[in-house]
Amino acid sequence: MTSPVPTPSRPPERVPATGAGPSRPDPVLSLLRSGTGTVTVLLVLIFAVIATQNPSFFEGPPLMAFAKKVAPLVILAIGQYLVIVSGEFDLSVGSLVGAQVVIAARLIDGEEAMTFPVIGVMLLFGLLVGLVNGLVTTLLRVPSIITTLGTMLILFGAVRHWTGGAPTGALSEGFRVFGRHGLEGVPVLGQIPWALVIATVITAGAVLLMRSPYGRTLMATGDNDTAAAFSGVRVWRVRTLAFVGSSLAATVAAILIGGFAGVTAQVGEGLEFTAITAVVLGGVVLGGGRGTVVAAVLGALTVEALFTLFNQLYLPSTIQPTAQGLIIIAAVAYASRRGDLRLPERLRRRPDHPTEQPLDSPRR
Amino acid sequence: MRVPRVLLAGAASLTLVLTACTTDDPEGAPGAADGGQEGSLTPDAEWFDQAEFDTQLAQRDITPEGPEDEPWMQAIEPEWIDTSEFAIDDPEDATVCFSNASVSNPWRVTGFITMEQQVEELVEEGRIGDFRSSDAADDDNQQISDIQAFVDAGDCDAIIISPSTTATLTPAVETACESGVPVIVFDRGVNSDCMVTFIHPIGGYAYGADAADFLVENLDPGSTVLALRILPGVDVLEHRWAAAQQVFGESELEVLGFEFTEGDGAQIKDLVSQHLQRGDVDGIWMDAGDGAVAGLEAFEDAGRPYPVISGEDELSFMRKWDEEDLTAIAPVYSNFQWRTPVIAAGMILAGEEVPAEWVLPQEPIREDELDDYLERNSAMPSLHYAKFGGEDLPGFPEAWVDR
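Sequence lines, in order, name chains A and B.
Under full-length UniProt numbering, the first sequence has 344 at position 344, and the numbering climbs by one with no breaks.
Under full-length UniProt numbering, the second sequence has 360 at position 360, and the numbering climbs by one with no breaks.
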């Protein structure tokens with residue numbers, strides 16, 4: 001069923017150049033060929049259209065307002081990235097954000113002095129949820145999609161039960177500073193939101209983490225956990241830590257979202273899918289092993305920019321999910337056809353290759 | 001082989017898009033919404049009934065029958081009907097069954113607590129014996145089987161139904177009627193008149209018009225108004241918007257458009273911020289008060305003056321209104337209506353007359369009443385509704401405070 005006609009989009013595979021591998025040293029081309037290529041193009045495209053609709057969007061304050069809104073999603077996407085790249089899913093983050101905001105409102109109940117103790121409690125709770133997700137998935141061998149679906153329902157139901165359906169209490173002003181306020185009086189920009197600062201720090205931290213030995217192990221685990229286990233990786237520990245990372249990211253996102261808009265009964269609903277969408281749009285492969293943190297962050301920016309664009313175009317809210325779905329499918333399909341999401345030819349696994357056969361049999 | 005596959009995928013998606021259009025078109029709603037989003041002021045025919053609109057607006061000015069300090073017992077132009085056929089000898093042993101659509105939002109949570117407290121009082125008085133409730137969690141199929149279960153069990157002496165949707169639940173309500181026990185429907189209606197009484201406040205048109213009238217009165221001609229709506233397609237909410245379109249259409253206000261927010265504070269704040277980036281917003285019309293405070297914060301954070309706003313009688317909004325001295329109104333979808341169905345059940349089982357359609361009063365809270373309502377609800381949580389009407393019930397205030 002293979003076509004004898006070479007596809008124009010992937011000439012290097014068909015024309016083996018002597019000496020120079022399949023990837024050329026051209027930096028522009030290599031950026032475009034990396035996972036971040038398509039999403040960058042899409043993001044620039046969306047920003048360009050926004051600029052034509054609303055030129056004042058890039059004038060500072062509106063851009064900072066956008067940054068404030070997108071920061072929680074960026075952080076959630078980074079958390080989700082850690083889990084997805086290790087070959088798992090975390091569906092519990094939306095419920096966790098909701099639960100954390102409700103817990104914060106109930107425990108703080110408007111008292112300033114409670115702000116930091118409660119943030120401590122929230123981080124501990126996030127840690128606990130991450131540990132449960134991770135250990136149930138790795139040690140009890142429940143598929144993560146089931147584990148985190150369960151956690152999602154448990155948290156949702158527990159919060160409903162605890163609050164009787166309507167959250168009570170109030171967040172303190174001190175708590176809301178992180179999501180709502182920022183460094184005032186900055187020239188041109190007006191205000192640098194704390195949310196932007198926090199998201200930037202976490203992004204930088206995540207980039208460094210992925211370059212550390214842990215990050216490389218995480219990537220290797222997602223690519224092939226059997227191989228990783230044979231090379232001495234404690235797979236359960238690596239993956240559990242990824243779940244903990246995701247839950248802690250959701251906790252930080254909850255602090256920012258609660259700060260941004262206060263407590264409503266609907267907070268956090270559907271965020272897990274927005275976060276997964278962001279990660280996938282960034283070209284991170286479901287199933288693990290490929291993709292970069294920066295791509296996930298760009299994916300988050302793109303998803304939020306898309307919402308902004310729809311709003312600027314006065315697209316009816318009823319049709320927005322449809323448009324969003326089409327754009328996501330188109331972007332990922334385009335990226336995978338261009339080869340963004342493929343391993344370079346030399347690294348691609350070929351199960352039918354004769355020399356790999358002997359390796360397979362002793363394993364079973 | 002590869003190129004045809006791409007073509008195939010492309011053709012498939014194209015088909016999908018095209019069929020999506022063709023299935024949507026006959027309903028007429030998306031087409032109308034296209035224009036509506038940018039502020040079209042012609043109400044969608046599917047959701048607008050001129051006669052009903054006029055009736056509801058007129059009902060706002062009619063003095064209801066019944067005790068003035070117990071609005072849940074009042075009725076507007078009631079047509080009293082005889083219920084002696086349902087009278088039973090031992091009401092103190094009667095079982096009243098309640099099929100609830102859900103408690104999925106704070107308004108329903110508040111109402112359900114009030115209902116439970118009312119039940120306790122009625123049980124103490126010996127007007128009913130036992131109260132059973134089921135919660136369908138907004139699932140029509142679940143509610144149909146809940147009602148069927150009540151009918152099959154055969155030990156309900158009266159069935160109260162708060163339908164989750166109108167058309168789908170109609171046959172289930174009719175099944176309950178056929179079982180011979182008295183049926184009471186409240187809040188959303190069904191397309192049948194087999195129940196003994198249908199209890200509801202005046203309705204969505206009156207709500208939307210109260211809010212829109214206030215904006216028209218308090219804004220100068222040419223001012224801009226942004227409408228924030230929860231969801232499309234829910235009749236009580238669509239009626240509010242249809243009435244507002246009608247009122248704004250006859251005014252000189254400029255409606256910037258409407259946005260669906262799902263009542264989510266973060267979305268509301270973001271959407272309002274974006275509108276503020278593009279120009280002035282002088283007034284905010286909301287079809288429900290959820291997240292009104294987040295919308296107001298968008299004005300604070302952008303350093304702009306507060307808009308004239310219509311929220312709801314939810315306390316977070318009313319407290320903000322008081323603190324910031326806003327020009328505002330709280331339209332009310334009377335939460336105290338949750339008391340009436342159980343009281344009606346007691347009346348029917350005692351063979352007393354009830355109105356065939358029990359239209360409860362529905363009056364917005366205006367500035368002169370604000371302090372009074374805040375005072376009465378001072379201990380209540382912020383997502384509580386001021387006109388919950390349970391101040392005289394035995395569990396007040398703990399039942400609502402520690403929910």
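Heads up, the beta-carbon is just placed ideally off N, CA and C, and yes, glycines get one too.
Serine 316 of chain B CB to nearest heavy atom of the ligand COA below 6 Å: Ligands in the displayed structure: none, and consequently the ligand COA is not present.
Within 7 Å, strictly: CB atoms of glutamine 312 of chain A and isoleucine 50 of chain A: Yes, these two residues count as a Cβ contact at 7 Å.
Cross-chain neighbours of glutamine 337 of chain B in chain A, by beta carbon under 9 Å: Chain order gives no chain A residues near glutamine 337 of chain B, where near means a beta carbon separation below 9 Å; the closest approach is about 18 Å.
Under 7 Å between C-beta atoms of proline 331 of chain B and aspartate 213 of chain B: No; because the gap between Cβ atoms is not below 7 Å, this pair is not in contact.
As assigned by DSSP and simplified to three states, the class of alanine 333 of chain A: Here DSSP, grouped into helix, strand and coil, assigns alanine 333 of chain A to helix.
Residues in the region 169-192 of chain A having any Cβ partner in chain E nearer than 8 Å: Reference to chain E is not applicable here, since the protein chains of this structure are A and B.
Helix, strand or coil at glutamine 80 of chain A [DSSP, three-state]: Three-state DSSP puts glutamine 80 of chain A in a helix.
Cut-off 7 Å between Cβ atoms - residues of its own chain near threonine 148 of chain A, not counting five sequence neighbours on either side: Taken in chain order, the residues that qualify are Phe89, Asp90, Leu91, Ser92, Asn133.
CB contact flag (phenylalanine 273 of chain A, glycine 130 of chain A, <7 Å): Contact: no.
C-beta neighbour in chain A for phenylalanine 260 of chain B, strict 7 Å: Yes, phenylalanine 260 of chain B counts as interfacial toward chain A.
Whole-angstrom C-beta distance between valine 332 of chain A and valine 280 of chain A, which should lie under 8 Å: Right, their Cβ atoms sit about 6 Å apart.
Delimiting residues of the alpha helix (DSSP H) encompassing glutamate 217 of chain B: First-last of the alpha helix (DSSP H) with glutamate 217 of chain B: 204-218.
Delimiting residues of the alpha helix (DSSP H) encompassing histidine 200 of chain B: Boundaries for histidine 200 of chain B: no alpha helix (DSSP H) harbours it, while the beta strand (DSSP E) harbouring it runs 197-201, taken from the DSSP string.
N-terminal and C-terminal residue of the alpha helix (DSSP H) that valine 96 of chain B is part of: Segment 95-100 is the beta strand (DSSP E) holding valine 96 of chain B; no alpha helix (DSSP H) there.
Contact with chain B by threonine 277 of chain A, beta-carbon distance below 7 Å: No, its Cβ sits nowhere closer than 7 Å to a Cβ of chain B.
Among B/Gly222, B/Ala206, B/Glu238, the one whose alpha carbon lies nearest that of alanine 58 of chain B: Among B/Gly222, B/Ala206, B/Glu238, the Cα nearest to that of alanine 58 of chain B is on B/Ala206.
Rounded separation between serine 56 of chain A and glycine 179 of chain A - CA only: Each residue's alpha carbon lies about 23 Å from the other.
Residue span of the beta strand (DSSP E) that contains aspartate 130 of chain B, given as start and end: Unbroken beta strand (DSSP E) run through aspartate 130 of chain B: 130-135.
Rounded straight-line distance, which links the Cα of alanine 242 of chain B to that of proline 316 of chain A: Take the alpha-carbon of proline 316 of chain A and the one of alanine 242 of chain B: they are about 17 Å apart.
Listed by chain order, chain B residues near glutamine 266 of chain A by CB distance under 7 Å: Contact note: glutamine 266 of chain A reaches chain B through Glu262, Gly263, Asp264, using a C-beta cutoff of 7 Å and chain order.
Residue-level contact to chain B via CB, serine 317 of chain A, 7 Å cutoff: Yes, contact with chain B.
Cα-Cα separation, cysteine 386 of chain B to alanine 227 of chain B: What sits at residue 386 of chain B in the sequence shown is alanine, not cysteine. Answer to the nearest angstrom: the Cα atoms are 23 Å apart.
Rounded C-alpha distance that separates glutamine 245 of chain B from glycine 263 of chain B: The alpha-carbon of glutamine 245 of chain B is positioned some 20 Å away from that of glycine 263 of chain B.
Nearest residue (CA-CA) to proline 163 of chain B, options B/Thr114, B/Asp282, B/Arg108, B/Gln50: The residue with the shortest Cα to Cα distance from proline 163 of chain B is B/Arg108.
Rounded separation between glycine 21 of chain A and threonine 52 of chain A - CA only: Annotation note: pLDDT 41 at glycine 21 of chain A (below 50); position unreliable, no value reported.
7 Å Cβ cutoff, glycine 262 of chain A in contact with chain B: Chain B contact via Cβ: present.
Within 7 Å, strictly: CB atoms of serine 231 of chain A and methionine 152 of chain A: Cβ distance not < 7 Å, so serine 231 of chain A and methionine 152 of chain A don't count as in contact.
Neighbouring residues, chain B, relative to glutamate 269 of chain A (Cβ below 9 Å): By Cβ distance, chain B contributes Glu262, Asp264.
Start-to-end residues for the beta strand (DSSP E) that takes in glutamine 143 of chain B: No beta strand (DSSP E) holds glutamine 143 of chain B; the alpha helix (DSSP H) holding it covers 140-153.
Integer Cβ distance of isoleucine 202 of chain B from glutamine 362 of chain B, believed to fall under 8 Å: Indeed, because the Cβ distance is near 4 Å, the residues count as touching under 8 Å.
Residue environment, aspartate 372 of chain B, which counts as buried when at least 16 other CB atoms sit within 10 Å: Exposed, by the Cβ-count rule.
Whole-Å CB distance - alanine 158 of chain B paired with valine 181 of chain B, under 8 Å assumed: At roughly 6 Å, the Cβ-Cβ gap stays under 8 Å, so alanine 158 of chain B and valine 181 of chain B are in contact.
Straight-line Cα distance separating valine 196 of chain B from valine 183 of chain B: So the two alpha carbons sit approximately 6 Å from each other.
Serine 251 of chain B (DSSP reduced to helix, strand or coil): Residue state, collapsed to three classes: coil.
Delimiting residues of the beta strand (DSSP E) encompassing glutamate 184 of chain A: Looking at the DSSP string, the run of the beta strand (DSSP E) that includes glutamate 184 of chain A is 182-186.
Sequence-distant residues of the same chain with beta carbon closer than 6 Å to alanine 220 of chain A, five excluded per side: So the list reads Ala228, once near-sequence residues are dropped.
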